[in-house]
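With my numbering as the guide, the letters of the sequence shown map in order to residues 411 to 525.
Remarks on the structure that follows.
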Amino acid sequence: QVHLVESGGGLVQPGGSLRLSCAASVTIFSIDDMVWYRQAPGNERESVAVITSGGSTNYADSVKGRFTISRDNAENTVYLQMNSLKLEDTAIYYCTALLNGFRYWGQGTQVTVSS
Numbered sequence: 411q412v413h414l415v416e417s418g419g420g421l422v423q424p425g426g427s428l429r430l431s432c433a434a435s436v437t438i439f440s441i442d443d444m445v446w447y448r449q450a451p452g453n454e455r456e457s458v459a460v461i462t463s464g465g466s467t468n469y470a471d472s473v474k475g476r477f478t479i480s481r482d483n484a485e486n487t488v489y490l491q492m493n494s495l496k497l498e499d500t501a502i503y504y505c506t507a508l509l510n511g512f513r514y515w516g517q518g519t520q521v522t523v524s525s
């Protein structure tokens with residue numbers, strides 16, 4: 411089983427930055443991939459950024475060039491650096507991990523972009 415704890419959400423003005431963290435209870439070397447999802451009220455959940463065990467990354471078109479996913483293997487932590495935030499980035503952001511065919515979810519962290 412994998413426990414994931416997100417942190418770093420909050421209120422930020424348009425154009426601002428936030429860094430989300432996701433601490434895993436297991437070594438992230440053992441995890442097949444980690445994905446940040448987000449869900450805004452009334453919207454479907456969407457995948458924002460992926461990092462595989464091999465270090466490959468992929469991003470939703472809506473965040474390319476603004477968001478960066480990275481990991482610290484020593485700390486078993488994955489990060490999502492979010493720059494140039496827009497109003498439409500407002501959502502609950504969830505960290506997930508795929509291990510042995512099962513996707514584990516964190517509790518989510520709220521990101522609100524507002525002036």
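Where is the CB? At the ideal position from N, CA and C, for every residue including glycine.
What whole-angstrom Cβ distance do SER494 and GLY425 have, given they're in contact under 8 Å?
Your numbering for residue 494 matches position 84 in the sequence shown. Your numbering for residue 425 matches position 15 in the sequence shown. Going by Cβ atoms, the distance from SER494 to GLY425 rounds to 6 Å, so yes, they are a contact pair.
By Cβ distance below 6 Å, which residues in the same chain neighbour ARG513 in space, the five residues on each side in sequence not counted?
As a position in the sequence shown, residue 513 is number 103, starting the count at 1. Closer than 6 Å at the Cβ level, and outside the excluded window around ARG513, lie THR506.
Report the option in SER435, SER427 and GLN423 whose CA atom is closest to the CA atom of GLU562.
Summary: the structure shown does not reach residue 562, with the chain confined to residues 411 through 525, and so no result is reported for it.
Give me the Cα-Cα distance between TYR489 and PHE477, rounded to the nearest whole angstrom.
If you number the sequence shown from 1, residue 489 lands on position 79. If you number the sequence shown from 1, residue 477 lands on position 67. If you draw a straight line from the Cα of TYR489 to the Cα of PHE477, it comes to about 10 Å.
Once the 5 residues before and after LEU509 are set aside, which same chain residues still bring their CB inside 6 Å of it?
As a position in the sequence shown, residue 509 is number 99, starting the count at 1. Correct list, in chain order: VAL412 and ILE441.
Return the bridge partner residues of ASP482 from the DSSP annotation.
Position 72 of the sequence shown, counted from the first residue, corresponds to residue 482. THR487, per the DSSP bridge assignment.
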